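Participant: 408 is the number that our numbering gives to position 38 of the sequence shown; each next residue is one higher, with no gaps.
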Amino acid sequence: MGLHEYKKKRDFKKTSEPAGAGKTKGRELIFVVQKHDATNLHYDFRLELEGVLKSWAVPKGPTLNPQEKRLAMMVEDHPFDYKDFEGVIPEGQYGAGKVIVWDNGTYHAKNILDRRENEKVLKQGLEKGDLKFILNGKKLKGEFALVKMKTAQKNSWLLIKKKDEFSTAEDILEDSASVLTGNTLEEVDGGGEKKKSPL
Ligand code: MN
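(1) Work out the CA separation of L423 and Y452 for me, nearest whole Å.
(2) Hey, would you say A389 sits closer than 7 Å to G465, going by beta carbons?
(3) Rounded to whole angstroms, what is the Cα-Cα separation between G495 and N481?
(4) Measure the CB-CB distance between E513 and I504 and report whether it falls below 7 Å.
(5) For G562, count neighbouring Cβ atoms within 10 angstroms of its own Cβ and tell me buried if that reaches 16, exposed if not.
(6) Rounded to whole angstroms, what's the CA-CA distance from K493 to E420? Just pull it up for me.
(7) Please say whether G431 and L543 have beta carbons closer to each other than 7 Å?
(8) Which runs of the beta strand (DSSP E) fall wholly inside the stretch 489 to 536 and span at least 3 residues, in chain order?
In structure tokens:
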């Protein structure tokens, strides 16, 4: 997909979101979940792959409960540097509203440690519409799957927690603070009321 769509949607003179691609250089692939108070509050679930962050907007947020499948709408790739973005997207800009880094960590395919091998297997899963992975986050842990739905709306996926030692019926979203700053969305300095926009 690349970053063309991401750049097209944003005016980097106005938004403080990262403009550049950033460099992926860790030994392990990373993931990030951003809580985003746009027109509708949602969680942006992002997986590092092929030098960018593959991204899904999850209206109800991730869950550790295997019984609850969460709708995840695939959106445009985001630059690697977006992983640390926390702040306010200004009024009139795409995605206007507050953002915090709700969770982050590393991820990998099951039983695979090598980064290159991981990228190969994960890319195949993405292309197949059946992506299985292990998250090592601060809040999200264990085995998950992103499964593409066979519906007319081609961007619809489901984010599903697999049953393991980390699965629980408890609501992980109650832990609402940023893993970077400890701020909740309410505590992000927005400089007054903002108009919100959809994604
Ligand atoms: Mn968003």
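Just so you know, even glycine gets a beta-carbon here, dropped at the ideal spot from N, CA and C. These figures come from a predicted structure and were not determined experimentally.
Facilitator: Reading off the structure:
(1) The sequence position of residue 452 within the sequence shown is 82, counting from 1. The sequence position of residue 423 within the sequence shown is 53, counting from 1. In a straight line, the C-alpha of Y452 is about 8 Å away from that of L423.
(2) The residue given as residue 389 occupies position 19 in the sequence shown. The residue given as residue 465 occupies position 95 in the sequence shown. Not in contact: A389 and G465 (Cβ atoms no closer than 7 Å).
(3) Counting from 1 along the sequence shown, the entry for residue 495 is found at position 125. Counting from 1 along the sequence shown, the entry for residue 481 is found at position 111. Approximately 15 Å, taken between the alpha carbons.
(4) Counted from its first residue, the sequence shown places residue 513 at position 143. Counted from its first residue, the sequence shown places residue 504 at position 134. The answer is yes: Cβ separation under 7 Å.
(5) For the purposes of this step, residue 562 is taken as residue 192 along the sequence shown, with counting starting at 1. At G562 the pLDDT is 47, less than 50, meaning the model places this residue with poor confidence; the figure from the coordinates comes in the next sentence. By the neighbour-count rule (16 or more Cβ atoms within 10 Å), G562 is not buried but exposed.
(6) Walking along the sequence shown from the start, residue 493 turns up at place 123. Walking along the sequence shown from the start, residue 420 turns up at place 50. K493 and E420: Cα-Cα distance of roughly 8 Å.
(7) One-based indexing of the sequence shown puts residue 543 at position 173. One-based indexing of the sequence shown puts residue 431 at position 61. Yes; because the gap between Cβ atoms is below 7 Å, this pair is in contact.
(8) 500 to 507, 511 to 518, 526 to 531
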